[in-house]
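Number of protein chains: 2
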Amino acid sequence: MSDIRIKKQLRELGRLTPEQYALAEKLPFALVLDDIRSANNVGSLFRTADCFALQHVYLCGITATPPHRDILKTALGATDTVGWSYHEDCAQLIGELAGGGAQVQCLEQTKQSTPLDAFSVGGTFPLVLVVGNEVKGVSQRVIDLSHGTIEIRQYGTKHSLNVAVSAGMAVWEISRQLRNA
Amino acid sequence: MSDIRIKKQLRELGRLTPEQYALAEKLPFALVLDDIRSANNVGSLFRTADCFALQHVYLCGITATPPHRDILKTALGATDTVGWSYHEDCAQLIGELAGGGAQVQCLEQTKQSTPLDAFSVGGTFPLVLVVGNEVKGVSQRVIDLSHGTIEIRQYGTKHSLNVAVSAGMAVWEISRQLRNA
Numbered sequence: 000m001s002d003i004r005i006k007k008q009l010r011e012l013g014r015l016t017p018e019q020y021a022l023a024e025k026l027p028f029a030l031v032l033d034d035i036r037s038a039n040n041v042g043s044l045f046r047t048a049d050c051f052a053l054q055h056v057y058l059c060g061i062t063a064t065p066p067h068r069d070i071l072k073t074a075l076g077a078t079d080t081v082g083w084s085y086h087e088d089c090a091q092l093i094g095e096l097a098g099g100g101a102q103v104q105c106l107e108q109t110k111q112s113t114p115l116d117a118f119s120v121g122g123t124f125p126l127v128l129v130v131g132n133e134v135k136g137v138s139q140r141v142i143d144l145s146h147g148t149i150e151i152r153q154y155g156t157k158h159s160l161n162v163a164v165s166a167g168m169a170v171w172e173i174s175r176q177l178r179n180a
Numbered sequence: 000m001s002d003i004r005i006k007k008q009l010r011e012l013g014r015l016t017p018e019q020y021a022l023a024e025k026l027p028f029a030l031v032l033d034d035i036r037s038a039n040n041v042g043s044l045f046r047t048a049d050c051f052a053l054q055h056v057y058l059c060g061i062t063a064t065p066p067h068r069d070i071l072k073t074a075l076g077a078t079d080t081v082g083w084s085y086h087e088d089c090a091q092l093i094g095e096l097a098g099g100g101a102q103v104q105c106l107e108q109t110k111q112s113t114p115l116d117a118f119s120v121g122g123t124f125p126l127v128l129v130v131g132n133e134v135k136g137v138s139q140r141v142i143d144l145s146h147g148t149i150e151i152r153q154y155g156t157k158h159s160l161n162v163a164v165s166a167g168m169a170v171w172e173i174s175r176q177l178r179n180a
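Residue numbers (numbering that gives the first Met the number 0), protein chains in the order written: chain U, 0 to 180; chain W, 0 to 180.
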């Protein structure tokens with residue numbers, strides 16, 4: 000039984016070269032990082048964006064930007080492949096994206112948020128997912144400008160998940176639905 | 000539109016106290032961390048296990064164990080609520096768990112792995128998910144003793160995701176199916 004479950008070698012993974020990736024179709028799905036404190040989290044989020052071929056990563060406020068030692072350590076080169084831009088004022092960016100027709104969803108626990116397991120991808124695209132500061136979450140000003148909030152139901156004692164982990168779960172779920180649509 | 004999307008206050012999150020958590024029903028789902036190098040990743044994984052009410056976290060090989068400064072920093076107390084144990088020899092543990100009736104799945108890219116988006120939870124429980132070293136992944140010896148391997152399809156240039164992120168995606172997907180079953 001073991002012989003068929005040999006680990007793939009690097010060349011067998013079928014990954015794209017950076018040149019191929021630049022030309023590859025991306026999902027109509029972007030991430031906004033609003034005031035992310037940890038550059039390690041920023042790097043992890045870049046790596047996730049590369050793996051799922053997201054369209055763009057918007058870095059806002061105090062979020063560190065490449066090149067940065069701690070981003071590079073966790074992004075492992077994904078900052079060279081994923082399109083990104085920096086915007087000091089996140090609310091202004093969100094206003095512009097929503098004004099341009101994007102659907103803006105915040106990953107945040109609000110009184111009216113949709114559980115991620117009940118969220119159905121639909122409406123206008125691109126879908127822009129905003130994740131916020133490790134302690135404060137997404138700012139109320141950004142939430143007010145968005146189309147909705149998505150929450151990951153939790154069953155334990157902690158108030159929240161690590162932001163790179165929770166964003167990963169949301170990217171997984173939304174990408175799964177987009178690719179199956 | 001904004002007034003209904005006010006962020007929840009901590010007391011509105013409805014989280015369990017550690018005492019309530021100890022008595023709460025857990026999912027028939029456990030994590031095995033095999034040779035995880037980064038204690039930060041271990042802490043993140045504990046936090047994920049708490050949030051989804053997993054049954055147990057098995058720490059194996061070189062994986063750091065609580066109390067540990069970097070685990071505490073990212074676990075934020077989840078090491079006090081989630082049941083865990085340490086096992087030097089991961090393969091021996093896996094043999095014992097499989098022998099005891101558990102279904103062992105490894106999160107690893109093999110020639111015969113099931114894509115996570117095609118994985119249907121079923122068979123025997125508890126389901127035990129093994130995640131491996133940040134560079135080497137799950138060892139072939141452990142894969143050989145398991146019932147299957149699950150792979151997250153990737154569309155970018157990087158070979159893998161951060162282990163706390165990829166495990167988070169798998170925990171999300173498997174928990175979602177277990178709770179909807």
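Think of the CB as a built atom: it goes at the ideal place given N, C-alpha and C, for glycine as much as any other residue.
Quick caveat: nothing in here was measured; it's all calculated off a predicted structure.
Neighbour-count burial assignment, residue i, 16 or more Cβ in a 10 Å radius
| i | result |
| --- | --- |
| Gln153 of chain U | buried |
| Glu24 of chain W | exposed |
| Ser174 of chain W | buried |
| Ser1 of chain U | Bear in mind that the predicted position of Ser1 of chain U carries a pLDDT of just 45, short of 50, making it too unreliable to give a figure here. |
| Val129 of chain U | buried |
| Leu58 of chain U | buried |
| Gln104 of chain U | buried |
| Leu22 of chain W | exposed |
| Glu87 of chain W | exposed |
Cβ-based neighbour list, residue i, same chain, cut-off 7 Å, excluding 5 preceding and 5 following
| i | result |
| --- | --- |
| Asp79 of chain W | Pro17 |
| Leu75 of chain U | Arg46 |
| Asn131 of chain U | Before going on, a small fix: residue 131 of chain U reads as Gly here, not Asn. Answer for Gly131 of chain U: Asp33, Asp34, Glu107, Val137 and Ser138, listed in chain order. |
| Lys6 of chain W | none |
Close Cβ partners of residue i (< 8 Å) along its chain, the five nearest in sequence each way excluded
| i | result |
| --- | --- |
| Pro27 of chain U | Gln54, Phe124, Pro125, Leu126 and Leu177 |
| Gln8 of chain U | none |
| Glu150 of chain U | Leu106, Glu107, Gln108, Thr109, Ser112, Thr113, Pro114 and Leu115 |
| Lys135 of chain W | Asp34 |
| Ala166 of chain U | Leu30, Leu44, Thr47, Leu106, Leu128 and Val130 |
| Met168 of chain U | Leu115, Ile151 and Leu160 |
| Gly100 of chain W | Thr123 |
Contact under 7 Å by Cβ, residue i with residue j
| i | j | result |
| --- | --- | --- |
| Val141 of chain U | Ser43 of chain W | no |
| Phe51 of chain W | Val170 of chain W | yes |
| Thr73 of chain W | Arg14 of chain U | no |
| Gln102 of chain U | Gly82 of chain U | no |
| Leu12 of chain W | His158 of chain U | yes |
| Ala77 of chain U | Leu144 of chain U | no |
Close-in-space but distant-in-sequence residues of the same chain around residue i (CB under 6 Å, 5 per side omitted)
| i | result |
| --- | --- |
| Thr64 of chain U | Leu58 and Tyr85 |
| His67 of chain W | Ala38 |
| Glu133 of chain W | Arg36 and Val162 |
| Phe118 of chain U | Ile149 |
| Ile93 of chain W | Val103, Val141 and Leu144 |
| Arg10 of chain W | none |
| Glu172 of chain U | Leu115 |
| Gly98 of chain U | none |
Residue from the options whose Cα sits closest to the Cα of residue i
| i | options | result |
| --- | --- | --- |
| Arg36 of chain U | U:Ile61, U:Gly100 and U:Glu95 | U:Ile61 |
| Gly161 of chain W | U:Cys89, U:Ala21 and U:Leu71 | Sequence check: residue 161 of chain W is Asn here, not Gly. Minimum Cα distance to Asn161 of chain W is reached at U:Leu71. |
| Asn179 of chain W | W:Gly98, W:Arg10 and W:Val120 | W:Val120 |
| Arg4 of chain W | U:Glu172, U:Thr148 and U:Asn40 | U:Thr148 |
| Gln19 of chain W | W:Asn40, W:Asp49 and W:Lys6 | W:Asp49 |
| Leu96 of chain U | U:Asn40, U:Val56, U:Lys6 and U:Met168 | U:Val56 |
| Asp69 of chain W | W:Val41, W:Ile93 and W:Leu92 | W:Val41 |
CB contact check: residue i to chain B, cutoff 7 Å
| i | result |
| --- | --- |
| Ser84 of chain W | Annotation note: the requested chain B is absent from the structure, which comprises protein chains U and W. |
Quiz item: Mind pulling the beta strand (DSSP E) runs of 3 or more residues that sit fully within the segment 94-180 of chain W?
Solution: 102-106, 126-130 and 147-150
Quiz item: Fully enclosed by the segment 20-53 of chain W, which alpha helix (DSSP H) runs are 4 residues long or longer?
Solution: 38-50
Exercise. Could you tell me which uninterrupted alpha helix (DSSP H) segments, each at least 4 residues in length, are contained entirely in the segment 58-83 of chain U, listed from first to last along the chain?
Key: 68-74 and 77-80
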